[in-house]
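According to the UniProt record's numbering, the sequence shown is numbered sequentially starting from 1.
Virtual Cβ for every residue (Gly too), placed ideally from N, Cα, C.
Everything below concerns the one structure shown next.
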Amino acid sequence: MMASTSSGEVGLDFVEIGKRGKKKLLRAGYQYYLQTKNKNGSSIWRCANKVRRCNASVTLNFELNSVLRESSHTCKPDYFKNKISQALNSCKNRCRTDWKSVSKIFEECVEGLDSDSDSSNNAEVPPFSSVKDALYSARKDVYNVSKCTFKKIDEVEIPDILKKNFLLYEGEGEHKIFIFGKRKCLKLLKKANLFLADGTFKSVPAPFEQLFTVHIDTGSSRELTSIIPIFFCLLPNKKECTYEEVFRILKENFNVSISHFKSDWETAIINAVKKVFPGVRVKGCFYHFSKAIWRNAEKCNMLIDKQHRKIVRLTSNLALMPAEYIPEGWLCILNKASDDTPTEKFIEYFNKNWMSKVCMNMWCCTNERHRTTNALEGWHFRLNKKIGKSNLFEYIHFLKKEADFFAKKVKKGQVYVIEKNRRSKYIIKDSKIEKYIEDLL
């Protein structure tokens, strides 16, 4: 790898040309290629302007940092052309060290060059299409992969530098799954009293459809929230069979045992975790439960006045009651409800979708420290905001940095790695709910 360097003498810059690491000398608006290496270690560099057939040369010492001899040119200097060469050289080197997309690096390196007007030979910034092969080649060579962009999942190659201490599992075939994580954090699995899972689709690069993350509660208290991501799964789709495969891999390869699980109300995830971990206690997200109720209430025209809205509010709050009291609580709500078409439609919806015993146990969140999956969704929101649209390598690199942060905390024995003080209003709310339940019992 040859970086653009400035010598000890002003005006000696070198850029890399071609795949073999050959150098081109840039000096005072002129470009030179290496013609001869002398026995005494000095070297002769000849003007690269073949159109003008300029035979000017520069002789440099062995260290390439001082001019020994220099002849006059018959061609004119082109400082802008040298700026372009320096920018492209910088671009190539950044493609080797920066995980950003090659096209984005190119844009950043040539930004502002078009507005430069000091070119006497009409030099122009080359379009990305004319240099992208060389840039991608530089990236592929340094990361030892045959491709940097992928249309199919079975084509995906992860560079060794991203695999090291991060890739936990790589599947096979056109729908294979990649699971990442830090082995140092896996020791926390035995201490986990709750597993939470959620997926995000917004920022996931092709050819994957979603990032599915599994988090664990490492011992949250009333005042502190302590949830950390353990597994980062890149998935080809959001089918039930794919989620089932993920949970089976976690169970068989990493001895994961889930007895208490929380997610949003995606049926495919719930069915999958139940199949792989029979007897698991599954809880849905209270926020999504309430949101679904209010959304349907609006469809039923139940938000027309204060009395109807109160029925909706009481219905969503049923989740805060102990499961054995929910049917009685629902009957109380029905006795308060109006006898009209909006109410009839809303009652029919709630009975049909939420009042089975199995479903009721899932949305009842009494004594649940985490009533929602907001911690996961907040983590995904920050992820999407920070990384935006990115290429696959950049995306995995970002996930690795995130995992490294938690791993360092775990290594230091700081189990509460994302300690977050809860807002006082939520603590007070919990206390009130507990008091109501105590009075009820």
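{"Check": "Using a Cβ-Cβ cutoff of less than 6 Å, which residues in the same chain neighbour Y143 once the five nearest sequence positions on both sides are dropped?", "Outcome": "P159"}
{"Check": "What three-state label does DSSP hand A197 in the structure shown?", "Outcome": "strand"}
{"Check": "Which residue wins for smallest C-alpha separation from C332, given the options T315, D339 and N49?", "Outcome": "T315"}
{"Check": "Note down, in chain order, each residue of its chain lying with its Cβ closer than 7 Å to the Cβ of W379, except the 5 sequence neighbours on either side.", "Outcome": "P229"}
{"Check": "So, are the CB atoms of A272 and F289 less than 7 Å apart?", "Outcome": "no"}
{"Check": "Tell me which residue opens and which closes the alpha helix (DSSP H) that R309 is part of.", "Outcome": "K306 to S316"}
{"Check": "Run the CB neighbour count on T97, radius 10 Å, all protein chains shown included, and call it buried at 16 or more, exposed below.", "Outcome": "exposed"}
{"Check": "In whole angstroms, give me the CA-to-CA distance for L196 and F208.", "Outcome": "22 Å"}
{"Check": "What residues match up with C233 in a beta bridge as DSSP calls it?", "Outcome": "I179 and F212"}
{"Check": "For I216, which of Q86, D13 and F406 has the nearest alpha-carbon?", "Outcome": "F406"}
{"Check": "Assuming Y243 and C300 form a contact by the criterion Cβ under 8 Å, report the distance between their Cβ atoms to the nearest whole angstrom.", "Outcome": "In fact, because the Cβ distance is near 32 Å, the residues do not count as touching under 8 Å."}
{"Check": "Tell me whether V282 sits in a helix, a strand or coil according to DSSP, three-state version.", "Outcome": "strand"}
{"Check": "Please list the segments of the beta strand (DSSP E) lying wholly inside the region 327-374, counting only runs of 3 or more residues, in order along the chain.", "Outcome": "none"}
{"Check": "Locate the beta strand (DSSP E) running through I17, then write down its first and last residues.", "Outcome": "D13 to I17"}
{"Check": "Any chance you could list the alpha helix (DSSP H) runs of at least 4 consecutive residues sitting entirely within the region 99-172, in chain order?", "Outcome": "102-110, 128-143 and 160-163"}
{"Check": "Ignoring anything shorter than 3 residues or poking outside the UniProt domain \"FLYWCH-type\" (18-69), list the beta strand (DSSP E) runs there in chain order.", "Outcome": "22-27, 30-37, 43-47 and 57-60"}
{"Check": "Expressed to the nearest angstrom, what Euclidean distance is found between the alpha-carbon atoms of A403 and F231?", "Outcome": "9 Å"}
{"Check": "Spatial neighbours of K345 within its chain, please: C-beta separation below 7 Å, excluding the five flanking residues on both sides.", "Outcome": "C300"}
{"Check": "Quickly, what does DSSP pair D217 with across the bridge? List them, please.", "Outcome": "L194 and I227"}
{"Check": "Using DSSP with H/G/I as helix, E/B as strand and the rest coil, what is K385?", "Outcome": "helix"}
{"Check": "Any idea which residues DSSP pairs F261 with across the strands?", "Outcome": "F195 and V282"}
{"Check": "Would P236 be called buried (16 or more neighbouring beta carbons within 10 Å of its own) or exposed?", "Outcome": "buried"}
{"Check": "DSSP three-state call for L189: helix, strand or coil?", "Outcome": "helix"}
{"Check": "Under the rule that 16 or more other beta-carbon atoms within 10 Å means buried, what is I418, buried or exposed?", "Outcome": "With a pLDDT of 46 at I418, under the threshold of 50, the predicted position of this residue should be treated as unreliable, and no value is reported."}
{"Check": "Specify the secondary structure class of V256 as computed by DSSP and reduced to three states.", "Outcome": "coil"}
{"Check": "Rank R183, R27, S263 and K164 by C-alpha distance to the C-alpha of G199 and give the top, closest one.", "Outcome": "S263"}
{"Check": "Give me the Cβ distance between Y287 and N361, rounded to the nearest whole Å; I'm assuming they're in contact under 8 Å.", "Outcome": "Wrong, their Cβ atoms sit about 18 Å apart, outside the cutoff."}
{"Check": "When you compare only the Cα positions, how much space is there between L383 and K100?", "Outcome": "16 Å"}
{"Check": "Confirm, please, whether the CB-CB distance from R94 to I84 is below 7 Å.", "Outcome": "no"}
{"Check": "State the DSSP-derived secondary structure class of T73, mapped to helix, strand or coil.", "Outcome": "First, the amino acid is wrong: residue 73 is His here, not Thr. Of the three classes helix, strand and coil, the one that applies to H73 here is coil, per DSSP."}
{"Check": "Which one of E328, P342 and K187 has the shortest CA to CA distance from M355?", "Outcome": "E328"}
{"Check": "The alpha helix (DSSP H) that contains A206, what's its start and end?", "Outcome": "Per DSSP, A206 belongs to no alpha helix (DSSP H) and is neither H nor E."}
{"Check": "With distances taken Cα to Cα, identify the nearest neighbour of K239 among E157, I269 and E324.", "Outcome": "I269"}
{"Check": "Suppose you measure from the CA of residue 470 to the CA of F62; what does that come to, to the nearest Å?", "Outcome": "Outside the modelled stretch of the chain, which goes from 1 to 441, sits residue 470, for which no answer is possible."}
{"Check": "Taking the continuous alpha helix (DSSP H) assigned at E402, which residues delimit it?", "Outcome": "L392 to K411"}
{"Check": "Label K400 either buried or exposed according to how many other C-beta atoms from any shown protein chain fall within 10 Å of its C-beta, with 16 as the threshold for buried.", "Outcome": "buried"}
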